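Basically the working numbering = 1-based index in the sequence shown + 1095.
Every residue, glycine too, gets a C-beta built ideally from N, C-alpha and C.
None of the values given here were measured: they were computed from a predicted structure.
These notes concern the structure reproduced below.
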Amino acid sequence: MQFIKQIKLVALAALTLSASLSASAAPYSAVVSFGDSLSDVGTYKVSTIAAVGGGEYTVNASTGKNWTEVLSRQLFATAPCAAQTGLNSIIPGIPAVPVTDHAECNNYAQGGARVTNPVGPGNLYTYPADSGGALGQMTDPVINQINRHLAKVGGSFSGKELVTVLAGGNDVFMNLAVVAGTAAATGNDPAAVGAASANAVAAMGQAGAELAADIKNLIVGKGARYVVALTLPDVSQTPFAISKGASTQALISAMVTTFNAQLTAGLQGVNRVMVADAYAQGRLQNQYPSVFGLSNTTDMACDLSKTILPTSLTCSGATLIAGDTSHYEFADGVHPTPYAHNLMAQFVYVKMLLRGWLAPWSN
């Protein structure tokens, strides 16, 4: 009855919000976020992307926020803004925009970002092998994001911030591309594909261990006291993975679970880090969608034939499929809708409530 317990906790969180916090007594000095498109609040909200109402990887709207924005609002923290904006596009009709740092902003997450490797999906260095690289996303990895923040704040956290970390999905996609390339080059030779798949799983384990080490050494080790590290959601249950077939789904599942195992093992016993198991929570939502108010967990809310790019980055209310998509889980093949982002924020909020982190200075 785990899901019933979760629903009760969500209800408890909602009832205690006003009692726990007040607008005049925000519990954290700032919310600092590191990661990828799941936490990106507008790195690429520039050029034509901004002109068509895009900029976040969801259904873009004034009320369509991602989970870091929702959580910040719940904590009465300053609304997050992108610490860096820009685009290295070579797509006609989407002009490039110089990379600009915004010192006042603390959300460093970038679409396409990996844990350590600077070349992720959408990066110009993947072009022309991947046509999507023409978009020219910066894909600054989490390790760089953390170091940029440390450089900005004088080398250490104050200990009064809430720090969130969520990454790993783009490591899945890039490693999966290597396997696909091996299959294409060898005519699906079982031995070659099997070896490439094993290497991909091992690479994901390494990425998970690296992220754990970065959190310990560069975040907690540099003074942060309140760190929420989310496990990687189950990419194998996304519309993208479902479209690839059972064997690819199984490989993705192995990659994700290996990453999460190394991440959680590396953070075990670090009492300033709260690991929020987004993987387990997402699977719970897919198992009991109606309990979480989800009307669809397999299809995309965005009609990508109507968007200027094949991604929710440029999806809006004007580019949705027909019918009511307000309670869909996925905006595109991998990214959540605003409703699913709200579920994620509420999940983290509940975990913080149970940990006593909604009013940390009273402890």
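- Is it buried or exposed for E1199, if we count other Cβ within 10 angstroms and need 16 for buried? That one is exposed.
- Task: Using the DSSP secondary-structure output, state which residues sit across from G1130 in a beta bridge.
- Result: For G1130, DSSP records a beta bridge to L1261.
- Query: What is the DSSP secondary structure of T1195, reduced to helix, strand or coil?
  - Reply: DSSP, read as helix, strand or coil, puts T1195 in strand.
- Item | Rounded separation between A1121 and A1291 - CA only | Going from the Cα of A1121 to the Cα of A1291 covers about 49 Å.
- Item | Y1423 - containing beta strand (DSSP E), residue span | 1423-1425 is the span of the beta strand (DSSP E), which, as asked, contains Y1423.
- Query: Looking only at C-alpha atoms, which of V1370, L1182, G1418 sits nearest to T1143?
  - Reply: Minimum Cα-Cα distance from T1143 among the listed residues V1370, L1182, G1418 corresponds to L1182.
- Three-state secondary structure assigned by DSSP to V1210: Correct three-state label for V1210: coil.
- Could you tell me how far apart the beta carbons of P1175 and S1128 are, in whole angstroms, since I believe they sit closer than 8 Å? Confirmed, Cβ separation roughly 6 Å.
- Task: Could you tell me whether the stretch 1261-1273 touches the stretch 1214-1230, where touching means 3 or more Cβ pairs closer than 8 Å?
- Result: The stretch 1261-1273 makes contact with the stretch 1214-1230: 3 or more CB pairs, one atom from each, lie closer than 8 Å.
- Between which two residues does the beta strand (DSSP E) harbouring Q1382 extend? No beta strand (DSSP E) contains Q1382, which is instead part of the alpha helix (DSSP H) from 1373-1382.
- Who are the Cβ neighbours of T1180 in its own chain at under 8 Å, not counting the five residues just before and after it? Same-chain partners within the cutoff: G1137, T1138, Y1139, K1140, V1141, V1192, V1194, T1195, H1197.
- Task: Go ahead and pull the three-state DSSP assignment for G1412.
- Result: Taken through DSSP and simplified to helix, strand or coil, G1412 comes out as helix.
- Throw me the rounded Cβ distance for the L1257 and V1323 pair, which I believe falls under 8 Å. Cβ-Cβ separation between L1257 and V1323: approximately 7 Å, consistent with a contact (criterion under 8 Å).
- Task: Can you grab the Cα-Cα spacing for the pair N1155 / R1450, in whole Å?
- Result: Linking N1155 to R1450 through their CA atoms gives a straight-line distance of about 32 Å.
- Report the rounded CA-to-CA distance for N1161 versus G1217, giving the unit in angstroms. Answer to the nearest angstrom: the Cα atoms are 20 Å apart.
- Between the beta-carbon of G1418 and the beta-carbon of M1395, is there less than 8 Å? No, the Cβ-Cβ distance between G1418 and M1395 is not below 8 Å.
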